[in-house]
Amino acid sequence: MKAYLEIHPEVEAALKQGKAVVALESTIISHGMPYPRNVETALNVEKIIREHGAVPATIAILGGVLKVGLTADEIEYLGKTPGVIKTSRRDIPLMIANKSDGATTVASTMILAALAGIKVFATGGIGGVHRGAEETFDISADLQELAQTDVAVVCAGAKSILDIGLTLEYLETHGVPVLGYQTADMPAFYTRKSGFAVDARVDDVQVLAKALKAKWDLGLKGGMVIANPIPEKYEMDYDTITAAIEQAVKEAEAQNIKGKESTPFLLAKVKALTGGESLESNIELVYNNAKVAAQLAVAYAGL
Ligand code: PSU
Ligand code: MN
């Protein structure tokens with residue numbers, strides 16, 4: 032494994048000492064936001080995690096090396112270099128063989144975090160069951176990863192480019208807890224509510240940490256979704272965002288967009304249709320997730 036994995040010295044030292052570490056994904060940097068806001072956001076996320084007592088580990092593949100913890104220069108490189116490949120579980124082997132540069136999704140970030148021994152991960156939104164999946168079979172590999180890899184994912188729920196109801200059913204089938212942090216509603220990324228309920232509401236990170244420990248002590252494999260709603264003042268208007276998403280889904284269908292292109296296409300369309308507003312909301316919810324993930328990692332490390 033050592034031949035493939037490179038852990039940043041600061042991250043490695045923190046893990047050896049049992050200190051709190053938070054993993055971060057990089058598809059959000061390369062495919063989720065425009066340069067330079069993506070780089071600025073990624074660096075601020077790391078800062079927020081430090082301010083809350085944990086060590087950040089942004090994860091990516093550079094020159095075929097699995098990197099856990101990036102330097103500021105490496106984050107800048109990922110953020111501005113076109114052609115960095117969106118990398119999920121199935122893509123990892125060839126990325127290594129070809130010595131490619133890859134941005135990791137939730138699924139592949141979980142894999143690399145678990146290899147390094149990191150238990151808590153912060154992102155924006157997870158992938159899920161796409162609308163129309165009963166015909167297309169488009170179900171993000173993120174869900175299967177949550178079923179089998181022992182990492183907790185703090186997110187703002189899932190965007191309604193997905194079928195949130197089916198996403199929750201899929202997670203239930205695979206035994207993945209979906210816990211609402213200080214909410215009983217499953218958040219929908221830009222909005223605090225989706226119309227669906229989470230499995231349970233938890234108000235305290237100590238309880239989340241104890242639940243994680245119990246899960247893994249018992250050998251109940253897999254991750255946990257910690258759904259943390261966007262702060263109220265950055266929430267988007269429900270009708271505005273719903274109209275943009277409906278339009279994006281229609282255009283994707285008309286242009287026959289499929290497979291790994293689907294999510295980036297929908298994200299870019301929604302962003303274009305809502306102007307700068309959705310980008311600002313997106314950035315703020317990621318900051319909020321970074322804060323809660325750091326608090327959770329500290330609580331977990333203290334058990
Ligand atoms: N959803 C978002 N923003 C994102 C993604 C999803 O709101 O940036 C990215 C994440 O990296 C996620 C990936 O893991 O898209 C899912 O892609 P797919 O549906 O192809 O598995
Ligand atoms: Mn897909």
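Numbering of the sequence shown is given in this note's numbering, commencing with residue 32 and proceeding in unit increments. No residue lacks a Cβ here, since even glycine has one placed at the ideal position from N, Cα and C.
For residue i, write down the residues that DSSP places opposite it in a beta bridge.
i, result
"Y212", "V233"
"A54", "A88 and F152"
"L199", "None, per the DSSP bridge assignment."
"L36", "L97"
"G188", "A219"
"H161", "L193"
"V256", "V184 and V209"
"K117", "A134"
"I170", "V160"
What do you get for residue i, buried or exposed, if any count of 16 or more other CB atoms within 10 angstroms of its CB means buried?
i, result
"Y35", "exposed"
"P124", "exposed"
"L126", "Note that residue 126 is Met in the sequence shown here, rather than Leu. Flag for M126 reads buried."
"T140", "buried"
"T167", "exposed"
"P218", "buried"
"N259", "buried"
"V42", "buried"
"E292", "exposed"
"A103", "exposed"
"R162", "buried"
"M64", "buried"
"D248", "exposed"
"T204", "exposed"
"R11", "Residue numbering for the chain in the displayed model covers 32 to 334; residue 11 lies beyond these limits and cannot be assessed."
"L93", "buried"
"E77", "buried"
"N129", "exposed"
"L251", "exposed"
Quick test of your reading: residue i and residue j, contact by CB under 8 angstroms. State the CB separation rounded to the nearest angstrom.
i, j, result
"V207", "M255", "7 angstroms"
"I261", "Y221", "7 angstroms"
"G100", "H39", "3 angstroms"
"A73", "T135", "At roughly 13 angstroms, the Cβ-Cβ gap does not stay under 8 angstroms, so A73 and T135 are not in contact."
"A189", "I157", "5 angstroms"
"A147", "L46", "7 angstroms"
"N320", "A187", "6 angstroms"
"V137", "D169", "With a Cβ gap of about 15 angstroms, V137 and D169 do not count as contacting."
"Y265", "S312", "5 angstroms"
"G110", "L177", "Not confirmed; about 26 angstroms, so no contact."
Less than 8 angstroms between CB atoms is the rule here; does residue i satisfy it with respect to chain B?
i, result
"T89", "The structure shown has no chain B; it contains just one protein chain."
Quick one: residues with CB closer than 7 angstroms to any heavy atom of the ligand MN, in chain order, please.
G158, H161, D169, I170, S171, G290, K291, S293 and T294
Problem - Contact between the region 289-301 and the region 239-246 (3+ Cβ pairs under 8 angstroms) - result: no
query = Do three or more CB pairs link the region 321-333 to the region 80-96 at distances below 8 angstroms?
reply = yes
Kindly confirm or deny that the region 42-55 and the region 143-162 touch, where touching means at least three C-beta pairs closer than 8 angstroms.
yes
- request: Check whether the region 280-300 touches the region 188-196, taking contact to mean three or more Cβ pairs, one atom from each stretch, closer than 8 angstroms.
  value: yes
| task | Determine, using beta-carbon pairs with one atom in the region 115-123 and one in the region 57-64, whether at least three such pairs fall under 8 angstroms. | result | yes
Requested in this report: Count the C-beta pairs between the region 207-216 and the region 227-238 that are closer than 8 angstroms, then say yes if the count reaches three, no if not.
Outcome: yes
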